[in-house]
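Here is the structure we will look at.
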Amino acid sequence: GQQVMQIPQYQHVQEGEDFTTYCNSSTTLSNIQWYKQRPGGHPVFLIQLVKSGEVKKQKRLTFQFGEAKKNSSLHITATQTTDVGTYFCAGPRGSTLGRLYFGRGTQLTVWP
Amino acid sequence: NAGVTQTPKFQVLKTGQSMTLQCAQDMNHEYMSWYRQDPGMGLRLIHYSVGAGITDQGEVPNGYNVSRSTTEDFPLRLLSAAPSQTSVYFCASSPRQTMNTEAFFGQGTRLTVV
Numbered sequence: 111g112q113q114v115m116q117i118p119q120y121q122h123v124q125e126g127e128d129f130t131t132y133c134n135s136s137t138t139l140s141n142i143q144w145y146k147q148r149p150g151g152h153p154v155f156l157i158q159l160v161k162s163g164e165v166k167k168q169k170r171l172t173f174q175f176g177e178a179k180k181n182s183s184l185h186i187t188a189t190q191t192t193d194v195g196t197y198f199c200a201g202p203r204g205s206t207l208g209r210l211y212f213g214r215g216t217q218l219t220v221w222p
Numbered sequence: 002n003a004g005v006t007q008t009p010k011f012q013v014l015k016t017g018q019s020m021t022l023q024c025a026q027d028m029n030h031e032y033m034s035w036y037r038q039d040p041g042m043g044l045r046l047i048h049y050s051v052g053a054g055i056t057d058q059g060e061v062p063n064g065y066n067v068s069r070s071t072t073e074d075f076p077l078r079l080l081s082a083a084p085s086q087t088s089v090y091f092c093a094s095s096p097r098q099t100m101n102t103e104a105f106f107g108q109g110t111r112l113t114v115v
């Protein structure tokens with residue numbers, strides 16, 4: 111089964127509203143990564159979090175890594191239609207850092 | 002900058018046929034992986050490799066074989082295609098670093114088995 115659980119599976123928002131997706135792991139992660147996949151496209155790396163309690167920002171996107179390094183969140187402030195897509199979290203399993211296991215993703219729809 | 006190149010982009014197979022999905026990267030990355038993506042299931046790891054000559058199984062390896070004879074290439078073989086293997090397949094590569102293991106994905110191969 112999936113090592114990382116991601117919720118919600120779908121989210122529909124009006125343009126300008128905020129959006130948050132959550133990722134939870136049953137085990138401690140050495141790092142967590144976030145990817146965005148546009149409809150019909152391939153996943154594209156957004157960010158990697160490594161430290162306990164780490165918070166990183168990219169313009170309207172805020173990423174957090176939990177203190178226990180078992181959960182993470184992505185928050186988008188004031189969504190735009192360009193934010194449409196599926197957002198995935200991913201964490202390495204075991205000591206092989208390149209062996210990534212992905213959550214099922216949150217599909218974001220933004221209504222203009 | 003080619004990055005990760007997958008071929009073909011689309012393929013239709015009959016049940017029982019075999020084929021190889023090609024993946025090549027020009028970034029000298031040590032890690033390479035194959036994922037399949039099905040609706041509502043996210044990306045599931047099929048096989049991965051930590052370097053030339055070394056491969057291992059992921060979450061859903063049954064029905065697939067891989068080999069890694071060079072750093073650049075990581076082909077995925079379907080020995081006897083089944084309708085359950087209808088999916089979108091992504092190849093990814095990443096550098097072997099402790100602090101930044103960003104995965105770069107190919108454009109994907111959309112496979113239909115009839």
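So the protein lines, in turn, are chains H and D. If you count the first sequence from 1, you need to add 110 to reach the numbering used here. If you count the second sequence from 1, you need to add 1 to reach the numbering used here. By construction, the Cβ of each residue, glycine as well, lies at the ideal position given by its N, Cα and C atoms.
Any C-beta of chain D under 9 Å from that of residue i
{"i": "Pro202 of chain H", "result": "yes"}
{"i": "Asn181 of chain H", "result": "no"}
{"i": "Pro153 of chain H", "result": "yes"}
{"i": "Asn90 of chain H", "result": "Since the first residue shown for chain H is 111 and the last is 222, residue 90 of chain H is missing from the structure and cannot be characterised."}
{"i": "Gln158 of chain H", "result": "yes"}
{"i": "Arg214 of chain H", "result": "yes"}
{"i": "Gln112 of chain H", "result": "For Gln112 of chain H, the predicted structure reports a pLDDT of 48, less than 50, and the residue's modelled location is therefore unreliable. A value from the coordinates is still provided. Yes, Gln112 of chain H lies at the interface with chain D (some Cβ there is under 9 Å from its Cβ)."}
Below-9 Å beta-carbon distance, residue i vs any chain H residue
{"i": "Met42 of chain D", "result": "yes"}
{"i": "Ala3 of chain D", "result": "no"}
{"i": "Asp74 of chain D", "result": "no"}
{"i": "Tyr32 of chain D", "result": "yes"}
{"i": "Gln108 of chain D", "result": "yes"}
{"i": "Phe11 of chain D", "result": "no"}
{"i": "Arg37 of chain D", "result": "no"}
{"i": "Ser112 of chain D", "result": "First, the residue type needs correcting, since residue 112 of chain D is Leu and not Ser in the sequence shown. No, no contact with chain H."}
{"i": "Leu46 of chain D", "result": "yes"}
Among the options, the one whose alpha carbon lies nearest that of residue i
{"i": "Ile186 of chain H", "options": "H:Lys179, H:Val220, H:Leu159 and H:Phe212", "result": "H:Val220"}
{"i": "Gln23 of chain D", "options": "D:Thr102, D:Gln7 and D:Arg45", "result": "D:Gln7"}
{"i": "Ser269 of chain H", "options": "H:Asp193, H:Ala188 and H:Leu139", "result": "For chain H, the structure presents residues 111 to 222; residue 269 of chain H sits outside this window and is missing."}
{"i": "Ala188 of chain H", "options": "H:Gly201, H:Arg203 and H:Pro222", "result": "H:Pro222"}
Within 9 Å, strictly: CB atoms of residue i and residue j
{"i": "Glu60 of chain D", "j": "Ile47 of chain D", "result": "yes"}
{"i": "Lys166 of chain H", "j": "Thr172 of chain H", "result": "yes"}
{"i": "Ser68 of chain D", "j": "Pro76 of chain D", "result": "yes"}
{"i": "Thr87 of chain D", "j": "Thr113 of chain D", "result": "yes"}
{"i": "Gly4 of chain D", "j": "Phe198 of chain H", "result": "no"}
Range of the contiguous beta strand (DSSP E) that encloses residue i
{"i": "Phe75 of chain D", "result": "Note, Phe75 of chain D: premise wrong, no beta strand (DSSP E); not H, not E."}
{"i": "Gln124 of chain H", "result": "Tyr120 to Gln124"}
{"i": "Ser130 of chain D", "result": "This structure does not reach residue 130 of chain D, given that chain D is present from 2 up to 115, and the question cannot be answered."}
{"i": "Val114 of chain D", "result": "Thr110 to Val114"}
{"i": "Asp57 of chain D", "result": "Ile55 to Gln58"}
{"i": "Gln98 of chain D", "result": "It is not in any beta strand (DSSP E) - Gln98 of chain D carries neither H nor E in the DSSP assignment."}
Residue i Cβ short of 8 Å to the ligand FMN heavy atom set
{"i": "Thr172 of chain H", "result": "The ligand FMN is absent from the structure shown, which contains no ligand whatsoever."}
*asked:* As an exercise, report each continuous alpha helix (DSSP H) stretch of at least 4 residues that is fully enclosed by the segment 132-203 of chain H, in chain order.
replied: Counting only runs of 4 or more, we get nothing.
_Inside the segment 15-43 of chain D only - beta strand (DSSP E) runs reaching at least 3 residues_ = Fully enclosed beta strand (DSSP E) runs of 3 or longer: 20-26 and 32-39.
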